[in-house]
Ligand SMILES: [Zn+2]
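This is the structure in structure tokens:
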């Protein structure tokens with residue numbers, strides 16, 4: 157039996173890739189600096205939440221795209237890098253706030269310079285965090301319409317509520333970053349140049365015997381999976397072939413085969429052949445065979461249609477049409493796979 161290589165969906169790092177990954181994380185994580193400056197300037201509660209969400213989306217897209225282009229594929233690989241970049245952005249944000257806090261002390265008037273030094277020494281990073289939790293902060297929102305228009309509501313967040321807000325902020329940044337990176341990391345990419353592959357439906361063979369095909373998948377019988385026999389029994393089980401091709405290098409091509417059928421109103425699908433890497437001549441053979449099936453299918457449908465419709469009888473004086481020619485016969489199945 158010939159066994160063909162298949163697409164490797166998880167591509168972990170080379171040592172060079174890991175270094176680049178860490179660099180990407182730091183570059184993206186630094187976005188926490190301007191982010192913190194932006195939310196500090198706001199007093200209403202919705203603004204910072206919205207900006208946090210935007211930052212999370214940006215981190216997901218940037219880390220996802222960059223990591224995939226650098227050769228680190230796979231949903232989970234990329235997702236954890238996006239989570240790390242998001243966590244770093246949160247830390248960088250707090251550092252920015254701390255730096256601004258120290259600057260505030262430096263600009264405050266003290267009796268002596270020694271006194272200023274003393275205050276600065278009192279507030280290390282974690283002392284500052286404790287101070288933030290204890291003092292909390294105040295948000296104001298103004299009614300924009302209704303009978304209370306113009307009324308200003310003030311809300312104070314202190315103690316545990318501050319941690320709760322920080323948790324919400326972390327969720328708004330990390331969740332979209334993780335989901336977007338997971339989605340981007342799972343895309344099928346060229347194993348040579350890491351560009352995203354284009355996919356299109358190559359063709360369908362119908363009807364097929366699902367038991368034969370499932371057994372072939374179990375046995376790793378690629379010949380049967382690529383060249384299934386049509387069966388005479390009526391049924392809607394079909395093999396649908398999808399071609400993935402690289403738009404950049406034009407060299408890579410993978411073929412997937414899905415077994416599809418209907419159960420009640422539901423369309424079921426099971427991938428039996430997952431992105432096999434075919435030699436060019438095998439791909440040509442497969443494409444040719446599927447094109448023949450498609451042509452026969454189209455002819456059969458166009459012949460069957462007038463009989464199926466016949467909405468009203470023809471007028472009495474109309475000449476009778478000759479009977480439709482018989483449908484062309486099914487294509488002859490190949491008895492040997494082309495690579496044999
Ligand atoms: Zn390529």
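In our numbering, the protein residues as written are 157 to 496.
Beta carbons: idealized from backbone N, C-alpha and C, even for Gly.
Quick caveat, the model's predicted, so the values are computed rather than measured.
- A contact is defined here as three or more CB-CB pairs under 8 Å, and the segment 369-378 fails this definition with respect to the segment 256-267.
- Relative to the Cα of residue 309, the nearest Cα in the group 196, 200 and 422 belongs to 200.
- Following the DSSP letters along the chain, one finds residue 379 inside the alpha helix (DSSP H) bounded by residues 378-382.
- Looking at the DSSP output, residue 395 shares a beta bridge with 361 and 415.
- Shown here, residue 432 sits in a strand according to DSSP, grouped into three states.
- Short of 7 Å from the beta carbon of residue 407, and not among the five residues preceding or following it, lie these beta carbons of its own chain, in chain order: 348.
- Counting C-beta pairs closer than 8 Å gives three or more between the segment 439-453 and the segment 382-402, which meets the contact rule.
- Using a C-beta cut-off of 8 Å, the segment 355-365 makes no contact with the segment 220-236, since fewer than three inter-stretch Cβ pairs fall below that distance.
- Rounded to whole angstroms, the gap between the alpha carbons of residue 230 and residue 217 is 15 Å.
- Within 6 Å of the C-beta of residue 181 there is not a single heavy atom belonging to ligand 1.
- The residues 248, in chain order, have a CB closer than 7 Å to that of residue 186 in the same chain once the five nearest residues on each side in sequence are set aside.
- Counting only runs that start and end inside the segment 234-266, there is no alpha helix (DSSP H) element of at least 4 residues.
- Pairwise C-beta distances place the segment 173-182 out of contact with the segment 399-413, as fewer than three of them are shorter than 8 Å.
- Taking a C-beta distance under 7 Å as the contact criterion, residue 337 and residue 242 do not qualify as a contact pair.
- Looking only at 226, 382, 162 and 421, the smallest Cα-Cα distance to residue 413 is reached by 382.
- In this structure, residue 433 sits near residue 410, with a CB-CB distance shorter than 7 Å.
- In the structure shown, residue 174 falls within a helical segment according to DSSP collapsed to helix, strand and coil.
- Distances from the CB of residue 228 to the heavy atoms of ligand 1 are all 6 Å or more.
- For residue 312, the enclosing beta strand (DSSP E) begins and ends at 308-313.
- The nearest non-hydrogen atom of ligand 1 is less than 6 Å from the C-beta of residue 404.
- Taking a C-beta distance under 7 Å as the contact criterion, residue 329 and residue 214 do not qualify as a contact pair.
- In this structure, ligand 1 has no non-hydrogen atom nearer than 6 Å to the beta-carbon of residue 305.
- For the 7 Å CB-CB criterion, residue 176 and residue 195 do not form a contact.
- Boundaries around residue 291 are those of the alpha helix (DSSP H), 281-291, since no beta strand (DSSP E) includes it.
- Only residues of its own chain outside the window of five on either side were considered, and among them 188, 189, 192 and 193 have a CB closer than 8 Å to the CB of residue 252, listed in chain order.
- Counting only the Cα atoms, residue 166 lies some 44 Å from residue 315.
- In the three-state DSSP reduction, residue 229 falls in the coil class, being neither helix nor strand.
- If you draw a straight line from the Cα of residue 430 to the Cα of residue 346, it comes to about 15 Å.
- The three-state reading of DSSP puts residue 268 in coil, since its state is none of H, G, I, E or B.
- Spanning the alpha carbons of residue 263 and residue 286 requires a straight line of approximately 22 Å.
- Comparing C-alpha distances from residue 443 to each of 368, 423 and 361 shows the shortest one belongs to 361.
- Contact between residue 312 and residue 289 is absent: CB atoms are separated by about 13 Å, not below the 8 Å threshold.
- In the DSSP assignment, residue 318 forms no beta bridge with any residue.
- Note: residue 355 is bridge-paired with 400 in the DSSP secondary-structure output.
- Residue 392 holds the alpha-carbon nearest to the alpha-carbon of residue 425 among 441, 392, 438 and 455.
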